[in-house]
Every structure is written in C-alpha cells, then in structure tokens.
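Trainee:
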Amino acid sequence: MSGGKLSREQWEGLCEQCGLCCFEKIEDEDGRILFTSTPCRYLDIDTRRCKIYQKRFKIFPECVELTPELVKELKWLHRSCGYKKAMKKGII
C-alpha cells in the first residue's frame, strides 16, 4: 500500500472507529482546537459508528469526507486517529 493509491476499502480500513472526529470542535481566537463532549447526532455513542454511514454526506452535508489530502492538513484530527497513524508510517 505504501507509495501507491489506496482502494476505498483499504482507505476505510485505516479508520479505527474511535469516533473522536464525530464530536463537535471549537477553534478559539488563538487557533487552538477545543474538543467538546457533544457528538454528532448520528454517532452511536456505544459502538462509535455512524448510524447513517452509507448516506452520511447526503443526509448530513456538514460531515467532512476525510481524504489523504485533508488528513495531512486538518489540525483537529486526534493523534490516535488511524489515518494520522498511517500518515506517520508513510502509508498515505
């Protein structure tokens, strides 16, 4: 997988389904990201899975579709994010 383009299945397999990206975040005036305890209304808190996963972008357009480019740019993805870890290992 390293150096090449990942299939959709491989890409989604990197997600460890922690659900942290599905909680509301606030950026303060200094640019710091503050994580809240308020989940997206479609996040199942027990399973940490999206209840509308297959249709999430259609039903909830505010949902951010993570791409390798965004993972490299976004400051609010948690260090323990599977995508962030894959980036650090050079997989993406």
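Here my numbering = 1-based position in the sequence shown + 1004.
In this text, a Cβ means the ideal position worked out from N, Cα and C, and glycines have one as well.
Since we're looking at a predicted model, the values are computed, not measured.
Quick check: the Cα distance between glutamate 1028 and lysine 1009, rounded to an integer number of angstroms?
Mentor: Position 24 of the sequence shown, counted from the start, is the residue given in the question as residue 1028. Position 5 of the sequence shown, counted from the start, is the residue given in the question as residue 1009. The straight-line gap from Cα to Cα measures roughly 30 angstroms.
Trainee: For leucine 1078, which option in Arg1036, Lys1055, Ser1011 has the closest C-alpha, if you only look at C-alpha atoms?
Mentor: As a working mapping, residue 1078 is identified with position 74 in the sequence shown. The candidate whose alpha carbon is nearest that of leucine 1078 is Arg1036.
Trainee: Can you check which of these residues, Glu1033, Lys1088, Asp1034, Arg1045, is closest to cysteine 1026 by C-alpha distance?
Mentor: Stepping through the sequence shown from its first residue, residue 1026 is reached at position 22. Ranking the options by Cα distance to cysteine 1026, first place goes to Arg1045.
Trainee: With respect to the beta strand (DSSP E) encompassing glutamate 1016, which residues constitute its N-terminal and C-terminal limits?
Mentor: As a working mapping, residue 1016 is identified with position 12 in the sequence shown. Premise fails: glutamate 1016 lies in the alpha helix (DSSP H), 1012 to 1017, not in any beta strand (DSSP E).
Trainee: Tell me where the alpha helix (DSSP H) around glutamate 1066 begins and ends.
Mentor: Within the sequence shown, the letter at position 62 stands for residue 1066. Element bounds for glutamate 1066: n/a, residue is neither H nor E.
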